[in-house]
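Residue numbers (this note's numbering), protein chains in the order written: chain A, 189 to 583; chain B, 10 to 306.
Structure below.
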């Protein structure tokens, strides 16, 4: 049913429809409205979950870990500092192959403290063994939560999924969203049947010590599962389309006017909406530009990206994160998709923008297209304020 | 004692490990319908080196400081499944994982009122990583990070009063126990398990390796700690002291003499006096001194 709602509320509605048995979260802006709405639904009886108000994010993740290990569907949400605080539990959950689903309301990382959007938080946990899918708008944010549970709980997968949505821009933005009906959700998302669980009827030990003779194969197993999941994403996308009438193709990327483009920007998340507007404007003036939107960041769809961009002469990657002292994370992975291959863009320029919630406007995107020329830009920030960079500026 | 199906032999604990004895007593008292969340530490390492496990009950190890939170999740899941009434949940770990790095998670668990028993195996240092001091290391103990060198008599801080911290949360049951008094420990675990809400039991468990005593001396060492008043055995219910084991107090020197970790004190009457003061203060605070027997009328 279509509703004009705040993104956070739409997420709470879809999580409610997934009926997690245990929800645990710690408040952090801009995730707060999601968990407040869920608390409201539990207290009114609409949602029959155990809602555990923990004393830290580390405990929030630990509570859902314990509950998931006991065989119950779970949910948590966080951002930024909260995600970093639970980082070791995040890795623990993936290592223990528990199908936890988490919303990451993307927010910048301290210091300096900044509550606005960029993608440094989730990107910094890219090694964790979690799936990461990035929503462009609130419809996707809603749909991706259903897909997340379906994917995580698939017996061929059994890995946790992080649904990433830009903080404030999506969480606090009002959009018309089609909230899936419960009966359709029930058909798409079966009742969770764990492969293994803590149960006195059949005692098992979870979380054993694996010495050098045993550890590495567990990493291989997760890597293999992620590789195989590239095809499961297509499968699940088809099932989703059949159930709800929205087609996410392979759930890996979205090609927007890429086919004959001479210049393409690669990006993730809500900024893609702005980029599409600029692409439309430029196309109307006869300029052959396009957008390649990354949906699945982990697993990173190298083959799909190669296929999409191999004949595009100029590519600019716009990152909302930076690996300080080195590179922009998405740009580097894009570049590596072409290394050693016969075809590929002549130029792959790397730009970092939007950090700490600095607005990426249509003008910013026009500027990126302008700067995407014959000479490759190895790495540069966009929209820096020169007046703040003068010597003597207090910090 | 026969082999236990709940805590099986063949694990790799040191000979004479007090924690191994206590952990077995705890799970036998709780029974087969128990799920354990265990912190990183000696107990976790010596019972679950892949591909083997000593545990005959469902058991999970996540991290060092989060067993109380993991247990909270287990308990919440059991409530959701309608199974909590039939299944006990225990969170357990050593003194470091409990009183230091895990204190926040425990406080949260207690404050939220989960129906979970937390058991702390107190061997008074980070033993698994090499005998480093913890917040529960007693005054004047020689550890690798509070060494008794020429300038110092060892750990200069008092033992963190974790049982009292838990009691201050007003929870239904808090107790201290000792591997030297197994029947008392068993009684306390059974009492805790039959009580609804959060419970905390701290068990004193000698570590022959870290305390530097012979491996066949675990029981006498444990008993002596209690009998000097240095490790008082008491119970709190809803924040009020409700019971204690009374003793005929022995001088602390008898306890210190048994262990290499205190040997630097033996020719230092000034420091021994300070430790006796600690014992005396416990005896007074908990009213530990056995009343003189009244003669038959």
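Every residue, glycine too, gets a C-beta built ideally from N, C-alpha and C.
>> Give me the chain A residues within the contact set of residue 12 (chain B), using Cβ-Cβ distance strictly less than 7 Å, ordered along the chain.
In response: Counted from its first residue, the second chain places residue 12 (chain B) at position 3. Those within 7 Å of residue 12 (chain B) in chain A number zero; the least Cβ separation is about 16 Å.
>> Which residues in chain B have a C-beta closer than 8 Å to the C-beta of residue 216 (chain A)? List them in chain order.
In response: Reading the first chain from its first residue, position 28 is the one you call residue 216 (chain A). Per Cβ cutoff of 8 Å: no residues; residue 216 (chain A) is ~16 Å from chain B at best.
>> Between residue 402 (chain A) and chain B, is any beta-carbon pair separated by less than 7 Å?
In response: Looking up residue 402 (chain A) in the first chain gives position 214. Judged by the 7 Å Cβ criterion, residue 402 (chain A) is in contact with chain B.
> Under a Cβ-count criterion, where at least 16 other Cβ atoms within 10 Å of its own Cβ denotes burial, should residue 385 (chain A) be classed as buried or exposed?
Replying inline: Reading the first chain from its first residue, position 197 is the one you call residue 385 (chain A). Buried.
>> Does the contact criterion of 3 or more C-beta pairs under 8 Å hold for the region 272 to 280 of chain B versus the region 225 to 234 of chain B?
In response: no
>> Is the beta carbon of residue 187 (chain B) closer than 7 Å to that of residue 231 (chain B)?
In response: Against the second chain, residue 231 (chain B) aligns to sequence position 222. Against the second chain, residue 187 (chain B) aligns to sequence position 178. Cβ distance < 7 Å, so residue 231 (chain B) and residue 187 (chain B) count as in contact.
>> Please state the DSSP three-state secondary structure of residue 74 (chain B).
In response: Here residue 74 (chain B) refers to the residue found at position 65 of the second chain. Note: residue 74 (chain B) maps to coil in three-state DSSP.
>> So, does the region 42 to 53 of chain B touch the region 93 to 107 of chain B, judging by three or more C-beta pairs under 8 Å?
In response: yes
>> Measuring only the C-alpha atoms, how far is residue 357 (chain A) from residue 443 (chain A)?
In response: Taking the first chain and counting its residues from 1, one reaches residue 357 (chain A) at position 169. Taking the first chain and counting its residues from 1, one reaches residue 443 (chain A) at position 255. Distance between the alpha carbons of residue 357 (chain A) and residue 443 (chain A) is about 22 Å.
> Do the CB positions of residue 556 (chain A) and residue 567 (chain A) come within less than 7 Å of each other?
Replying inline: Taking the first residue of the first chain as 1, we reach residue 556 (chain A) at position 368. Taking the first residue of the first chain as 1, we reach residue 567 (chain A) at position 379. Cβ atoms of residue 556 (chain A) and residue 567 (chain A): not closer than 7 Å.
>> One question on the structure: do residue 163 (chain B) and residue 109 (chain B) come within less than 7 Å of each other, judged by their Cβ atoms?
In response: Start at 1 with the first residue of the second chain, and residue 163 (chain B) comes out as number 154. Start at 1 with the first residue of the second chain, and residue 109 (chain B) comes out as number 100. No, these two residues do not count as a Cβ contact at 7 Å.
>> So if I threshold CB-CB distances at 9 Å, which residues from the region 240 to 270 of chain A count as touching chain B?
In response: 240, 241, 242, 243, 244, 246, 247, 248, 249, 250, 251, 252, 253, 254, 255, 256, 257, 258, 259, 260 and 262
> Any C-beta of chain B sitting closer than 7 Å to the C-beta of residue 479 (chain A)?
Replying inline: Start at 1 with the first residue of the first chain, and residue 479 (chain A) comes out as number 291. With 7 Å as the cut-off, residue 479 (chain A) does not count as an interface residue toward chain B.
>> Less than 7 Å between CB atoms is the rule here; does residue 88 (chain B) satisfy it with respect to chain A?
In response: Within the second chain, numbered from 1, the residue matching residue 88 (chain B) stands at position 79. Judged by the 7 Å Cβ criterion, residue 88 (chain B) is in contact with chain A.
> What is the rounded straight-line gap between the Cα of residue 213 (chain A) and the Cα of residue 293 (chain A)?
Replying inline: The residue you call residue 213 (chain A) lines up with position 25 of the first chain. The residue you call residue 293 (chain A) lines up with position 105 of the first chain. Approximately 13 Å, taken between the alpha carbons.
> By how many angstroms is the C-alpha of residue 142 (chain B) removed from the C-alpha of residue 151 (chain B)?
Replying inline: As a position in the second chain, residue 151 (chain B) is number 142, starting the count at 1. As a position in the second chain, residue 142 (chain B) is number 133, starting the count at 1. Approximately 8 Å between the Cα atoms of the pair.
> Per DSSP, what kind of secondary structure is residue 254 (chain B) in: helix, strand or coil?
Replying inline: Here the question's residue 254 (chain B) lines up with position 245 in the second chain. Reduced to three states, the DSSP call for residue 254 (chain B) is coil.
>> residue 221 (chain A) and residue 237 (chain A) - do their beta-carbons sit closer together than 7 Å?
In response: Translated into positions along the first chain, residue 237 (chain A) becomes position 49. Translated into positions along the first chain, residue 221 (chain A) becomes position 33. Not a contact, by the Cβ cut-off of 7 Å.
> Exposed or buried, which one is residue 124 (chain B) when buried takes at least 16 other CB atoms within 10 Å?
Replying inline: On the second chain, position 115 is the one that residue 124 (chain B) refers to. Residue 124 (chain B) should be labelled buried.
> With C-beta atoms as the reference, is residue 355 (chain A) less than 7 Å away from residue 218 (chain A)?
Replying inline: As a working note, residue 355 (chain A) is residue 167 in the first chain. As a working note, residue 218 (chain A) is residue 30 in the first chain. Cβ atoms of residue 355 (chain A) and residue 218 (chain A): closer than 7 Å.
>> Between residue 395 (chain A) and chain B, is the shortest Cβ-Cβ distance under 7 Å, so that the two count as touching?
In response: Within the first chain, the letter at position 207 stands for residue 395 (chain A). Yes, because at least one Cβ of chain B sits closer than 7 Å to the Cβ of residue 395 (chain A).
> In chain order, what residues of the same chain lie with their CB nearer than 6 Å to the CB of residue 240 (chain A), ignoring the 5 residues before and after it?
Replying inline: Position 52 of the first chain holds residue 240 (chain A). So the list reads 212 and 251, once near-sequence residues are dropped.
> Opposite residue 478 (chain A) in the DSSP bridges: which residues?
Replying inline: The count along the first chain starts at 1 and reaches residue 478 (chain A) at position 290. Residue 478 (chain A) is bridged to A:452.
> Secondary structure at residue 91 (chain B), three-state DSSP: helix, strand or coil?
Replying inline: Walking along the second chain from the start, residue 91 (chain B) turns up at place 82. In the structure shown, residue 91 (chain B) sits in coil (DSSP, three-state: anything other than H, G, I, E or B).
>> Please list, in chain order, the chain B residues whose beta carbon lies closer than 9 Å to that of residue 280 (chain A).
In response: As a first step, residue 280 (chain A) is located in the first chain; it is residue number 92 there, counting from the start. The answer, in chain order, is 71, 72 and 75.
>> Please identify the residue among A:259, A:273 and A:274 whose C-alpha is closest to the C-alpha of residue 91 (chain B).
In response: Residue 91 (chain B) sits at position 82 when you count from the first residue of the second chain. Looking at the Cα atoms, A:259 is the closest of the given residues.
> Between the C-alpha atoms of residue 584 (chain A) and residue 343 (chain A), what's the straight-line distance to the nearest angstrom?
Replying inline: No statement about residue 584 (chain A) is possible, as the shown extent of chain A runs from 189 to 583 and does not include it.
> So is residue 284 (chain B) in contact with chain A if we call contact Cβ pairs under 7 Å?
Replying inline: Against the second chain, residue 284 (chain B) aligns to sequence position 275. No - not a single Cβ of chain A is within 7 Å of the one on residue 284 (chain B).
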